[in-house]
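Data block below; observations after.
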DNA sequence: GACATACTTTAGAACTATTATAAACTTTAA
DNA sequence: TTAAAGTTTATAATAGTTCTAAAGTATGTC
Ligand SMILES: [Mn+2]
Ligand SMILES: [Mn+2]
Ligand SMILES: [Zn+2]
Ligand SMILES: [Zn+2]
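Residue numbers (this note's numbering), protein chains in the order written: chain A, 17 to 153; chain B, 17 to 153.
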């Protein structure tokens, strides 16, 4: 993703393109594959790959702002150290989870098909379905 | 579940039947339906239903001991307030999740059937599959 | 460019779920 | 009854996350 489209992405979401946001967006969206991360891991990557300083609160703020703007999703999974995973794949999709490495791998929505699903309880409807396939070696 | 089988359950797991463990086991296993709870909520229920005192650490210890003994399972879901859910249903099964109320509802394993599942990556095999059906009103 | 305004970053404090510590207490088996 | 091992407890420590309020920055207008 190039600089101008990064700026557009931010501006069209009502987010001022600050140095920190632009760096984070470049880091997250200049890649082909889905990227799964925790705030802590993102901070480490940013420290390694950029010379910009990021307060931890800024990473939290930015990740939440991106999520609110629809540019990130939060994975509804409780990882090893009570960690929250974020995901650059914002479509409905599923995951392999390797608890040994704490790694998530995407499964496209169309790679899982259901034969049978229970009907939702008492006046509720289905918002979405999340499948986690836990892996072992 | 009656007193003697509570004691058997504890003893056969190598857990001494202390006052606190017996109360918690009675509370958790003297019911027909699955019970989902957080440590905090369990503490509140115990305070309401019993006259025994429970240090918070004891509830954590006991829940973990029961989990280790195979009498409880932990739900791999990140709830609203970063809460950990435990489950008296120790079989492989799935859940409805109502994020409005933070409530879990069991789905038996045989109520969900897959038509298509991706093959696991690179030398890994499937340990188990967890489905969360998120509900809305 | 200079200015006013609203927004953003920041360091540090605060908060909350959970785990660790170590002393007092209880269960168990001899 | 006694000693050893296990358990509970209050409290401190940890760790992920959110809050605060002061300093800094982006933006629109002149
Ligand atoms: Mn650096
Ligand atoms: Mn009471
Ligand atoms: Zn994903
Ligand atoms: Zn359940």
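The beta-carbon is built from N, C-alpha and C at its ideal position, and this holds for glycine as well. Predicted, not measured: the structure shown is a model, and the values here were computed from it.
Chain B places a beta carbon closer than 8 Å to that of residue 129 of chain A, counting this residue as a contact.
Residue nearest to residue 55 of chain B within the set B:102, B:146 and B:47 is B:102 (criterion: CA-CA distance). For residue 120 of chain B, the CB falls within less than 7 Å of some heavy atom of ligand 4. Taking residue 44 of chain A as reference, the option from A:32, A:59 and A:30 with the minimal CA-CA separation is A:59.
Taken from the Cβ of residue 105 of chain B, at least one heavy atom of ligand 4 lies inside 7 Å. For residue 92 of chain B, the distance from the CB to the nearest heavy atom of ligand 3 is not below 7 Å. One thing to note: residue 117 of chain A has its Cβ no nearer than 8 Å to the Cβ of residue 50 of chain A.
Look at residue 87 of chain A: its beta carbon is at least 7 Å from all of the heavy atoms in ligand 3.
Contact between residue 68 of chain A and residue 35 of chain A holds, with the beta-carbon distance rounding to 6 Å and staying under 8 Å. For residue 121 of chain B and residue 52 of chain B, the gap between their C-alpha atoms comes out near 8 Å. Linking residue 27 of chain B to residue 47 of chain B through their CA atoms gives a straight-line distance of about 20 Å. Taking 7 Å as the cut-off, one finds no heavy atom of ligand 3 near enough to the beta carbon of residue 99 of chain A.
The beta-carbon separation of residue 151 of chain A and residue 89 of chain B, rounded to 18 Å, does not stay under the 8 Å limit for a contact.
Where residue 43 of chain A is concerned, the enclosing alpha helix (DSSP H) starts and stops at 35-45. Excluding sequence positions up to five before and after residue 96 of chain A, its CB lies within less than 8 Å of the CB of 115 and 118, all in the same chain and listed in chain order. Annotation: residue 108 of chain A is outside any beta strand (DSSP E) and is labelled neither H nor E by DSSP. Uninterrupted alpha helix (DSSP H) stretches at least 4 residues long and entirely within the region 54-125 of chain B occur at 55-65 and 72-84, given in chain order. For residue 81 of chain B, the CB contacts under 7 Å within the same chain, skipping 5 residues up- and downstream, are 31 in chain order. Excluding five sequence positions before and after residue 29 of chain A, the CB atoms of its chain that fall closer than 6 Å to its own CB belong to 85, given in chain order. Here residue 141 of chain A is exposed. Its C-beta has fewer than 16 other C-beta atoms within 10 Å.
Using a CB distance cut-off of 8 Å, residue 86 of chain B does not count as an interface residue toward chain A. Residue 109 of chain A has its Cβ nearer than 7 Å to a heavy atom of ligand 3. The Cβ atoms of residue 134 of chain A and residue 146 of chain B do not sit closer than 8 Å to each other. Of all residues in the region 48-68 of chain A, none has a C-beta nearer than 7 Å to a C-beta of chain B. By the criterion of a C-beta distance shorter than 8 Å, residue 106 of chain A is surrounded in its chain by 86, 87, 88 and 89, once the five residues flanking it on both sides are discounted. With its beta carbon at least 8 Å from every one in chain A, residue 103 of chain B lies outside the interface. Taking the Cα of residue 153 of chain B as reference, the smallest distance to any Cα among A:153, A:138, A:149 and A:148 is reached at A:138. Scanning its chain for C-beta atoms nearer than 6 Å, with the 5 sequence neighbours on each side dropped, one finds around residue 74 of chain A the residues 36, in chain order. At a cut-off of 8 Å between beta carbons, residue 146 of chain B contacts chain A.
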